[in-house]
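Undergrad: Read top to bottom, the protein sequences are chains A and B.
At position 28 of the first sequence (counting the first as 1) the number is 27 in numbering that gives the first Met the number 0, and the numbers step up by one without a gap.
At position 204 of the second sequence (counting the first as 1) the number is 203 in numbering that gives the first Met the number 0, and the numbers step up by one without a gap.
Here it is, the structure in full.
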Amino acid sequence: MNRSWWIKNGRLIDPANKVDDQGDLYIVDGRICPPDSEVDRAQLEVIDAAGCLVTPGLIDMHVHLREPGQEYKEDIVSGARAAASGGFTAVACMPNTRPVNDSSAVCAMIRQQARGAAARVYPVAAISKGSRGEELAEFGELRDAGAVAVSDDGLPVHDSQLMRRAMEYASDFGLAVIAHCEDPALASGVMNEGEVATRLGLKGIPTAAESIMVYREIALAEFTGKRVHIAHVSTAMSVDLIRAAKARGVAVSAETAPHYFTLTDQAVDGYQTNAKMNPPLRSEADRQAVIQGLQDGTLDAIATDHAPHSSLEKETEFDAAAFGIIGLETALPLSLELVRQGVISESRLVELLAVNPARILGVEGGSLSPGAVADLTIIKPDDRFVYTAAAIVSKSHNTPFLDRTLEGRAQLTMVAGELKFSRQAR
Amino acid sequence: MNTGYFFPHRHILGIDHLSREDILYILDTAESFKEISARPIKKVPTLRGHTIINLFFEPSTRTRLSFEVAAKRMSADTFNISASTSSATKGETLIDTARNISAMHPDIIIIRHSFSGAPHMLARYVDAAVINAGDGAHEHPSQGLLDMMTVKEHKGRLHDLKVAIVGDILHSRVAHSAIQGFTRMGSSVQVYGPSTLIPKGLEQLGARVCTSLEEVVRDADIVMTLRIQKERQNDPLLPSFREYSRQFGVTKQLMGLAKPDALVMHPGPVNRGVELMPEVADSSQSVILNQVTNGVAVRMALLYLVMGNG
Ligand SMILES: [Zn+2]
């Protein structure tokens, strides 16, 4: 398979090298070539990227691929295909599978399934055995089996001592600890607590449920001197807490998801189960604070929390519906909306979607540096399309953005110089 | 009745989608049906040949009976499906149940469900008209309407009244429907209860939250108390009934602060001596039994109107 390319006429966005310029990019044998190197151009296949952004491959550091155990919702191959069509060249998959990914066997199985898939798949292993929140999983063995981080995502670590030990022990193996911050007792509702929940008669989840746990993780990271990564930030108070912690030099990083900067709890109106997720959609003030956090550097990454569910879990009463929405195919256009609104630059967008996720997870990619592995995404920012059920690549269709007109999407993705997705070819 | 008005609703899912005009029309219709219940032969042929299914996923004696009496007085055929006998216990989803029932071509489905929004979902899957008989903590529209009918009978109007609601506002679909209804009709609603039972955002829904029993009851035209439950799903809302009755119970003495002709209301069943003292529940100000009587009339009106008779 060809792994040598001449990408012409694109706008190269490479914040790691402070590049935002029109230019050509040469890729030879799956690696990026220096612009002045002696390349035999005749040997290269040409890609015309006129009108497009050429960026390091986008990395989604928070997805649920449901394999093993719930392949009717998604599997590694289908999830990777959805990722590629959304512009992602790599994803990190959360361990809340069945069985939970708390063993080298599950890590190995995931990596096996991901061979030849349309995107790199990095396993995130469990913090605790079975994600039961009792005993630490074997981080060393999990790291050796390919895990890039640990998390009990979906089942917040209740025991503060266990969380402290996780941060300490994970540092011995260079693993990021990713914290799903929700106080379980406070977070027993089904949507954001506020006027909309009261009007709909639905049980609320207060913003404090998240902020309390965000502060706990910050306090533990600060005390131990270890690092922690806060998943899917949804509240203004969490943003404030993280901003203040960073100012004090605490090793905290954080992500948010496109739905938190795009929607509010008003989207639940009419008992829309595709607007039900954990943490829940919040108020307009929270949404604005999240946008501010993306702009000023408080939040490091945009991750989708891609959480596929079938109609069995979603076409039901709101209280009975599963939490979570798919996000791989909508993250890029929703994030580009922030660029169009002038909130962030294209370079900042690439930091949020590629550079920082690579840095936090400690994986390759995130730059177009000479010699770097050729994971890249070509994005047509003005490509308008209607996101219909028929066009969804993921196995599941649980999205509040169905039938919306979106703008900007990936035209092509490449992993180590191998073409993984091309919109023209489809 | 006003001419040129057509009742526009196929389903009755909540007071929130009823306009002022809709509410007055329903109450006028109910008023005209009320007389039927006073006749020696309490039956009219209006809904003869119509099939009505009472689909109750939550135990209810009063509301179900009231709907059934209403349906029978209009000569409809009624069938009761309650949670214990329904397929819900067999793991069948609400959608499956809805489709199954729908296949039998009922004209009206009356649903009570512990999940807010369940009637809305049902309405999307069946051809029948759907009437919400109480969904979670969301709404109980027929209760809200019978409350308004009772007030209108006694006060001659629904506007410029001061309505006090005391108790568990957080979980009360009755309170939510009353707040929507009375504010829409131009009255003011104020609420009070333990802070554990006052939900966020009530002000945006049009209710003023008071800080004492005295404040909420003072000069009120209507004092509505709600049934209290001590505990819900391990949520420690109240320490005891004993304390509730002492700190939040509506007493005769407290009623002295309300207008002299204030009405005492309660959706029933009353925890006597807890949220409402017996001497208040049984006083001449109490219209609790009128509420029950009007409940049948309002429900007859709703059955009549959703069948396209408006
Ligand atoms: Zn999570």
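Glycine included, each C-beta is placed from N, C-alpha and C at the ideal position.
Taking all protein chains shown into account, decide if residue 251 of chain B is buried (16 or more other Cβ within 10 angstroms of its Cβ) or exposed.
TA: Counting from one through the second sequence, the residue named residue 251 of chain B turns up at place 252. Counting Cβ neighbours within 10 Å, residue 251 of chain B comes out exposed, since fewer than 16 surround it.
Undergrad: So that I know if they touch, is there some Cβ in chain B lying closer than 9 Å to that of residue 284 of chain A?
TA: If you number the first sequence from 1, residue 284 of chain A lands on position 285. No, residue 284 of chain A lies away from the interface with chain B (no Cβ there is under 9 Å from its Cβ).
Undergrad: Give the interface partners of residue 116 of chain B over in chain A, defined as CB-CB distance under 7 Å, in chain order.
TA: If you number the second sequence from 1, residue 116 of chain B lands on position 117. Neighbours of residue 116 of chain B on chain A, chain order: 199, 270, 316 and 317.
Undergrad: How big is the Cα-Cα spacing for residue 114 of chain A and residue 152 of chain A?
TA: Translated into positions along the first sequence, residue 114 of chain A becomes position 115. Translated into positions along the first sequence, residue 152 of chain A becomes position 153. In a straight line, the C-alpha of residue 114 of chain A is about 24 Å away from that of residue 152 of chain A.
Undergrad: Would a C-beta distance cut-off of 9 Å place residue 219 of chain A and residue 260 of chain A closer than the cut-off?
TA: As a working note, residue 219 of chain A is residue 220 in the first sequence. As a working note, residue 260 of chain A is residue 261 in the first sequence. Against a cut-off of 9 Å, the Cβ pair of residue 260 of chain A and residue 219 of chain A comes out as no contact.
Undergrad: Taking DSSP as the reference, what is the three-state secondary structure of residue 168 of chain B?
TA: Against the second sequence, residue 168 of chain B aligns to sequence position 169. Under the three-state reduction of DSSP, residue 168 of chain B is assigned to coil, being neither helix nor strand.
Undergrad: Buried or exposed for residue 71 of chain A, please, with buried defined as at least 16 other CB atoms from any protein chain shown within 10 angstroms of its CB.
TA: Position 72 of the first sequence, counted from the first residue, corresponds to residue 71 of chain A. Exposed: under 16 other Cβ atoms inside 10 Å.
Undergrad: Between which two residues does the beta strand (DSSP E) harbouring residue 78 of chain A extend?
TA: As a first step, residue 78 of chain A must be located in the first sequence, where it is residue number 79. Segment 75-84 is the alpha helix (DSSP H) holding residue 78 of chain A; no beta strand (DSSP E) there.
Undergrad: Relative to chain B, which residues along the region 176-208 of chain A have a C-beta separation below 8 Å, given in chain order?
TA: 187, 192, 193, 194, 195, 196, 197, 198, 199, 200, 201, 202 and 203
Undergrad: Could you check whether the region 18-28 of chain B touches the region 43-54 of chain B, counting it as contact only if at least three pairs of C-beta atoms, one from each stretch, sit closer than 8 Å?
TA: no
Undergrad: Would DSSP call residue 146 of chain B helix, strand or coil?
TA: On the second sequence, residue 146 of chain B is found 147 positions in, with the first residue counted as 1. In this structure, residue 146 of chain B counts as helix in the three-state DSSP scheme.
Undergrad: I'd like to know whether the C-beta atoms of residue 109 of chain A and residue 149 of chain A end up nearer to each other than 9 Å.
TA: In the first sequence, counting from the first residue as 1, residue 109 of chain A sits at position 110. In the first sequence, counting from the first residue as 1, residue 149 of chain A sits at position 150. Taking 9 Å as the Cβ cut-off, residue 109 of chain A and residue 149 of chain A do not qualify as a contacting pair.
Undergrad: Residue 343 of chain A to residue 55 of chain A, Cα distance in whole Å?
TA: As a working mapping, residue 343 of chain A is identified with position 344 in the first sequence. As a working mapping, residue 55 of chain A is identified with position 56 in the first sequence. Answer to the nearest angstrom: the Cα atoms are 17 Å apart.
Undergrad: Counting only Cβ pairs nearer than 9 Å, list the residues of chain A close to residue 69 of chain B.
TA: For the purposes of this step, residue 69 of chain B is taken as the residue at position 70 of the second sequence. Here the premise fails: no neighbours, minimum Cβ distance about 24 Å.
Undergrad: Counting only Cβ-Cβ distances shorter than 8 Å, please list the residues of the region 125-142 of chain B near chain A, keeping chain order.
TA: 134, 135, 136, 137 and 138
Undergrad: Between the C-alpha atoms of residue 405 of chain A and residue 386 of chain A, what's the straight-line distance to the nearest angstrom?
TA: Here residue 405 of chain A refers to the residue found at position 406 when the first sequence is read from its first residue. Here residue 386 of chain A refers to the residue found at position 387 when the first sequence is read from its first residue. Each residue's Cα considered, the two are about 7 Å apart.
Undergrad: Ignore the nearest five residues each way along the sequence and tell me which others in residue 263 of chain B's own chain have a CB closer than 6 Å to its CB.
TA: Taking the second sequence and counting its residues from 1, one reaches residue 263 of chain B at position 264. Once the five neighbours on either side are set aside, the close Cβ partners of residue 263 of chain B are 222, 279, 284 and 285.
Undergrad: Using DSSP bridges, identify the partner residues of residue 11 of chain A.
TA: To locate residue 11 of chain A, count along the first sequence from 1; it is residue 12. DSSP lists A:20 and A:53 as partners of residue 11 of chain A.
Undergrad: Round the Cβ separation of residue 51 of chain B and residue 105 of chain B to the nearest angstrom and send it over; I've been treating them as touching at under 8 Å.
TA: Counted from its first residue, the second sequence places residue 51 of chain B at position 52. Counted from its first residue, the second sequence places residue 105 of chain B at position 106. Going by Cβ atoms, the distance from residue 51 of chain B to residue 105 of chain B rounds to 7 Å, so yes, they are a contact pair.
Undergrad: Does the region 277-293 of chain A touch the region 411-420 of chain A, meaning 3 or more C-beta pairs lie closer than 8 Å?
TA: no
Undergrad: Short of 7 Å in beta carbon distance, which residues of its chain neighbour residue 172 of chain A, apart from the five on each side in sequence? Order them along the chain.
TA: For the purposes of this step, residue 172 of chain A is identified with residue 173 of the first sequence, where counting begins at 1. Result list for residue 172 of chain A: 138, 139 and 142, in chain order.
Undergrad: Can you find a CB in chain A that lies within less than 9 Å of the CB of residue 15 of chain B?
TA: Working through the second sequence from its first residue, we reach residue 15 of chain B at position 16. Chain A contact via Cβ: present.
Undergrad: Hey, does residue 8 of chain B have any beta-carbon neighbour from chain A nearer than 9 Å?
TA: Reading the second sequence from its first residue, position 9 is the one you call residue 8 of chain B. Not one chain A Cβ lies under 9 Å of residue 8 of chain B.
Undergrad: State buried or exposed for residue 4 of chain B, treating a residue as buried only when at least 16 other CB atoms are found within 10 Å of its CB.
TA: By one-based count along the second sequence, residue 4 of chain B stands at place 5. Per the 10 Å Cβ criterion, exposed.
Undergrad: Give me the Cα-Cα distance between residue 78 of chain B and residue 224 of chain B, rounded to the nearest whole angstrom.
TA: As a working note, residue 78 of chain B is residue 79 in the second sequence. As a working note, residue 224 of chain B is residue 225 in the second sequence. Rounded to the nearest angstrom, the two C-alpha atoms are 32 Å apart.
Undergrad: Give, in chain order, every residue of the region 151-179 of chain B whose Cβ lies closer than 7 Å to some Cβ of chain A.
TA: 172 and 175
Undergrad: Report all residues from its chain with a CB closer than 7 Å to the CB of residue 116 of chain B; omit the five preceding and five following residues, and keep chain order.
TA: Position 117 of the second sequence, counted from the first residue, corresponds to residue 116 of chain B. Closer than 7 Å at the Cβ level, and outside the excluded window around residue 116 of chain B, lie 134 and 137.
Undergrad: Just to check, is the beta-carbon of residue 182 of chain A closer than 8 Å to a non-hydrogen atom of ligand 1?
TA: As a position in the first sequence, residue 182 of chain A is number 183, starting the count at 1. Because no heavy atom of ligand 1 lies under 8 Å away, the Cβ of residue 182 of chain A does not count as near it: no.
Undergrad: Hey, does residue 200 of chain B have any beta-carbon neighbour from chain A nearer than 9 Å?
TA: Here residue 200 of chain B corresponds to residue number 201 of the second sequence, with the count starting at 1. Yes - at least one Cβ of chain A is within 9 Å of the one on residue 200 of chain B.
Undergrad: Within 10 angstroms of its Cβ, does residue 100 of chain A collect 16 or more other Cβ (buried), or is it exposed?
TA: To locate residue 100 of chain A, count along the first sequence from 1; it is residue 101. It counts as buried.
Undergrad: What residues from chain A crowd round residue 49 of chain B, counting only those whose CB sits closer than 9 Å?
TA: By one-based count along the second sequence, residue 49 of chain B stands at place 50. By Cβ distance, chain A contributes nothing, its closest Cβ being about 27 Å from residue 49 of chain B, past 9 Å.
Undergrad: Mind checking whether the beta-carbon of residue 304 of chain A lies closer than 8 Å to any heavy atom of ligand 1?
TA: Position 305 of the first sequence holds residue 304 of chain A. Residue 304 of chain A Cβ: within cutoff of ligand 1.
Undergrad: What are the complete alpha helix (DSSP H) segments, minimum 4 residues, inside the region 25-51 of chain A?
TA: none
Undergrad: Any idea what DSSP makes of residue 96 of chain B, helix, strand or coil?
TA: The residue labelled residue 96 of chain B in the question sits at position 97 within the second sequence. Correct three-state label for residue 96 of chain B: helix.
Undergrad: Check the DSSP bridge columns for residue 420 of chain A and list the partner residues they point to.
TA: Here the question's residue 420 of chain A lines up with position 421 in the first sequence. For residue 420 of chain A, which the question treats as bridged, DSSP gives the partners A:412.
Undergrad: Where does residue 0 of chain A land, buried or exposed, given buried means 16+ other C-beta within 10 angstroms?
TA: In the first sequence, the residue the question calls residue 0 of chain A occupies position 1. Exposed.
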